[in-house]
Amino acid sequence: MRVNYMKMSDQELLKSVQGAVKQEKKLTAIVLDHLAEIERRKVYCDLGISSLFRYCVDILGYSEAESAYRVNATRLVSSSPFAKKSMEEGKLSLSAASKIFGHIKQEQKRGDGVVLPNQVSKIIKKSEGRSTRQLDLMLAEISTVPVERKERVELNERILKKIEKLRKIYGERSDLEVLEMVLDDKIFEMELSKPKRTSSITSENPRYIDRAKREHIYARSGGQCEYVSLKTGKRCNARLHLQIDHINPLALGGKTEISNLRHLCFAHNQRAAITVLGQTKMDRYVDVTVKPKSQIPGKTLQGT
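In the numbering used here, the protein residues as written are 845 to 1148.
See the structure below:
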């Protein structure tokens, strides 16, 4: 039943909105729980979609900014019980969770920088009550990642029109993402064209895929994931991180023949493995952003 807020007294209205905000925070946590399980199973792959982000935009109808917040927050709460609890209690906002995940991701990329669960807890506690600007400053202070060098490049109208055409091929991406995809495709082509020496060891390995087969698969796929959704008929438009997959796995008697090989993006390759090998077996290969101390051989993050 729809409530007529115009008939509420001032006190009733203020009390009502407080209850609504609490409910909103609980619902946000529930949405993130759903997204976490969808990501674990890679269910969106069955719709011809290659990422949780695209699923949020194309299917759930969030804007790209809203989707980025939710995907980052989902990955944070999935890997940190403390973050999950803080989100459920309304202490950790969606935007703060997204920023904290971005900070952790950058530290992990650094190689020797590792973020432990107790450090995540400290970061979250420090973030409470801070404005967006204050949180940005705090994360910058504790970061061990060097500031990236940025180059300003001016593109003329002719090049911008070409980038716009590429967007129709690669999907809605930023200018930088489109340029990166083009460079990746070119590098891949150059790698294929390099003369390679083969040995009896590689040629006898059932997993070995020779250059001729790789070139044939690339020509057939056009450098695009070959998965086509049985539900929607949509072909996945992913062009980054493509992998050659055995349709019928070697473990089940499949052969390394062109008819049994296909180009899949990382997500669809994982989904195929989950379908064939089972979720339980594949869970061990899922990336964990915040790692237990026992799994980490090396240095820990400084400054927290």
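We put the CB at the ideal spot given by N, CA and C, even for glycine.
Item	Value
R1002 versus L1027 - alpha carbon distance	19 Å
Range covered by the alpha helix (DSSP H) that runs through H878	D854 to R885
L1086 vs G1098 beta-carbon contact at 8 Å	no
CA nearest to the CA of K943, picked from R919, F926, I903 and T872	R919
Y849, buried or exposed, once every other Cβ within 10 Å from all chains shown has been counted against 16	exposed
Nearest neighbour of D1029, chosen from D1054, L1004 and E1059 [CA to CA]	E1059
Residue of E881, P1093 and V1022 minimising C-alpha distance to V915	E881
R914 - DSSP class collapsed to helix/strand/coil	helix
Cβ shell of A940 (< 7 Å), same chain only, five flanking positions each side left out	S971 and L979
Proximity winner among Q867, R977, R1128 and L896, relative to S911 (alpha-carbon distances)	L896
6 Å Cβ shell around G934 - same chain, five flanking residues per side excluded	K869
First through last residue of the beta strand (DSSP E) which encompasses R1055	From DSSP, R1055 is part of no beta strand (DSSP E) but of the alpha helix (DSSP H) over R1055 to S1065.
Cβ distance (whole Å) where R1051 is taken to contact L1094 below 8 Å	7 Å
Which of helix, strand or coil DSSP assigns to V997	coil
Burial state of I874, where buried means 16 or more other Cβ atoms lie within 10 Å	exposed
Within 8 Å, strictly: CB atoms of D890 and S1073	yes
CB contact flag (T1076, G905, <8 Å)	no
The alpha helix (DSSP H) enclosing I967, as first and last residue numbers	P961 to S971
Range of the contiguous alpha helix (DSSP H) that encloses L896	L896 to D902
Distance CB(S894)-CB(A1111) smaller than 8 Å	yes
8 Å Cβ cutoff met for L1105 and I1053	yes
Sequence-distant residues of the same chain with beta carbon closer than 6 Å to R1115, five excluded per side	K886 and C889
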